[in-house]
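Here is the structure we will look at.
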Amino acid sequence: MTAQSLFAECIIPGCTQPVTDELTPCQTCRTIFGPMLHEADRPPSYTAADLAERDAGTAAAYRMMRALPTAAQHNDLDTERERRTAEHEKAAAQERGEAEKANQTCWLCEERRTCLLRPQGWECRQCREIR
């Protein structure tokens, strides 16, 4: 016999802990959710079949969410590769002094600015205009 045939499952969606009463949360969920769980005096408006249908829908949604990132990763491989290539090209141009780089310390004014690499060091736009 399995635990499913001996005990009902917790009423909280996604939780499969065994409980003695099918309409109560397990002790783990009681600990985790604490004061957010409230007992009502009214009779439940759902049955075990309703809960099973709800749990099946929740499990299907989890499976779909788990599959989405991997599909997106496969579709974005070319985009990611292009982005990395562009970043490497930009960094190479900055190191050759052909492109500016943000947050560098200018060797003339010693301020952190967007600078261009010169033989003496990083040089900001303001200092280049003065020279």
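First residue of the sequence shown: -2, per this note's numbering; consecutive thereafter.
Each residue gets a CB set at the ideal place from its N, CA and C atoms; glycine is no exception.
Remember, it's a predicted structure, so these values are computed and weren't measured experimentally.
Item                                                                                                                                                       : Value
Where DSSP assigns a beta bridge to residue 102, which residues make up the other side?                                                                    : 109
Keeping to the same chain, check which residues put their C-beta closer than 6 Å to that of residue 27; ignore five residues upstream and five downstream. : none
When burial is assigned at 16 or more other CB atoms within 10 Å of the CB, is residue 50 buried or exposed?                                               : exposed
One question on the structure: do residue 99 and residue 90 come within less than 7 Å of each other, judged by their Cβ atoms?                             : no
May I ask you to report which of helix, strand or coil DSSP gives residue 26?                                                                              : helix
Report the option in 88, 122, 13, 78 whose CA atom is closest to the CA atom of residue 104.                                                               : 122
According to DSSP, is residue 48 helix, strand or coil?                                                                                                    : helix
Below 8 Å on the Cβ atoms is my guess for residue 18 versus residue 5; work out the distance and round it to an integer in Å.                              : 7 Å
With DSSP collapsed to three states, give me the class of residue 34.                                                                                      : coil
Comparing C-alpha positions only, which one of 127, 108, 126, 92 sits nearest to residue 114?                                                              : 92
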